[in-house]
Structure formats: C-alpha cells, structure tokens
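Working notes, structure below.
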Amino acid sequence: MASGGARNYQKAQGVETANLTFWIYGQHDAMGVAPFGIDATSAEQDPFAKTFAALAQVQDLILQYQGKGTMAGIFVDTTSKSQTVTLNGYTVKADLVVPRRFPGATLAGGLVFGIGPDEFLAVGKDYELTFTPVKHDSQQSHVDVAYMDEGNFVGGKWITIRRLNGDEGTGGGSIGSFAIKNNRTGTLRFQKNAGDNYSIVRIKFYHY
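Take the sequence shown: its letters are residues 1 to 208, numbered as in UniProt numbering.
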C-alpha cells in the first residue's frame, strides 16, 4: 500500500474507532479504552483528541450511571444507519444524519444518559435522536419538549451555553406538540459546528 493510502486507511480506521469508543463505554460499561498506534498521528489530526475531550467532560456521569441501565452508547454508520435502545421509560432511536445538499458523515458515535424523569443528556455529532415514551398515558396523552440546552461541564458542574430553538435542535425538523399515538415525540439533531467537535445537549420533556 502506498504511503498516502496507508495514511488515509489509518485515518479512516481512527475515526471509526474514536466513535466506537462512545459505544464501548455506553453499551459495555467499559472502565477504559486504550487505542493502539495513536502516536502515528499528530494530536491536532487525531480523532481521538476530540473523543477524549468530550468523554473528559462526562466522565463523572459515566461512573455514576455505569451498570444501572440508564446510559447508552451510540454507533451508527452507512451499513447500520440506525440504533434503538430503551432508556429512562423511552424508546430512543439514533439515526445517522445524511444531509441532502452536501456530503455527510459516514459514521457517528455518542452517549445518551437518562438523568431524571423525562430528562436526558446526549453527547455526539452527525446523528439525530428520536424519543418515544414506552407507555401510553391516557390522562396525559401528549408529550412535548420543555427545553433543549447546549452546554458543557466546568469543574463537574453543568453550564448552559445556549437554549436551542427548533431549527437549532432539529435541523429544521419537527418540534412542538406531538401525540404519542403518532409514535413520535421529539427529535434532537446534532448540528455541525466550526470545529467539528462533539456537542453536549440536555433535553427535557413534559406530559399534558
């Protein structure tokens, strides 16, 4: 294999493994992930730098929710474009985002935590989440989004950067009042940012 081809292969493999790292932590309650051969790439170009930067922010949550069934790892690609998990009383479906007007990512990874009643915290990029309650409540048959906040953790404390509106939180998709009978409650789509970094979003639902 030519040297350029080898570098491209290593880069592709690195991106895949970097995104799989989220899935390993979330789905297998891993205590750590030790990638091989990361010294072949500069820190600025290594996809693991962004993965570990995101994981460092939520490391306390990973330890808190490990083994309790309240954390899920996400990994989707062009072969398996969707993944469904049951979390916190909801069916959570992850789909790879495939933009219509420009090339999209070929894979994506992330984490979803059920942090409270009807409340989630998600880490990721290049994928979207659809939340559907598992049980139908005839007295409160509608579910809506109370808020979607993008933020980060500073010293272990959540700091909200901005509150997302419909376009920012769903990529222009649907958000608002959804009847549970339509099997769709709300969508969170991770948007591209200037640094192509992972985002952390806190989303809360309410019933009425």
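Every residue gets a Cβ at the ideal spot worked out from N, C-alpha and C, and that includes glycine.
Remember, it's a predicted structure, so these values are computed and weren't measured experimentally.
Starting from residue i and walking both ways along the alpha helix (DSSP H), at which residues does that stretch end?
| i | result |
| --- | --- |
| residue 218 | Here the chain has residues from 1 to 208 only, and residue 218 is not among them. |
Terminal residues of the continuous beta strand (DSSP E) containing residue i?
| i | result |
| --- | --- |
| residue 120 | 119-124 |
| residue 215 | For residue 215 there is no data in the structure shown, the boundaries of the chain being 1 and 208. |
| residue 186 | 186-189 |
| residue 215 | This structure leaves residue 215 out entirely; the chain is present only between 1 and 208. |
Per DSSP, what kind of secondary structure is residue i in: helix, strand or coil?
| i | result |
| --- | --- |
| residue 94 | strand |
| residue 225 | A query on residue 225 cannot be resolved here, the shown segment of the chain reaching from 1 to 208 and no further. |
| residue 160 | strand |
| residue 19 | helix |
| residue 154 | strand |
| residue 60 | helix |
| residue 227 | Since the first and last residues shown for the chain are 1 and 208, residue 227 lies out of range. |
| residue 175 | Here residue 175 scores only 37 on pLDDT, less than 50, and its place in the model should not be relied on; the value that follows carries that caveat. In the structure shown, residue 175 sits in coil (DSSP, three-state: anything other than H, G, I, E or B). |
| residue 53 | helix |
Measuring CA to CA, which of the options is closest to residue i?
| i | options | result |
| --- | --- | --- |
| residue 26 | 66, 86, 79 | 66 |
| residue 86 | 114, 78, 108, 109 | 114 |
| residue 107 | 206, 203, 20 | 20 |
| residue 69 | 164, 111, 198, 146 | 111 |
Starting from residue i, follow its DSSP beta bridges and name the residues at the other end.
| i | result |
| --- | --- |
| residue 206 | 144 |
| residue 113 | 71, 121 |
| residue 76 | 108 |
Check the Cβ-Cβ distances between residue i and every residue of chain C, and say whether any is below 8 Å.
| i | result |
| --- | --- |
| residue 56 | Of the protein chains in the structure, only one exists, and it is not chain C. |
Does the contact criterion of 3 or more C-beta pairs under 8 Å hold for the region 91-99 versus the region 49-65?
no
Do three or more CB pairs link the region 134-147 to the region 192-201 at distances below 8 Å?
no
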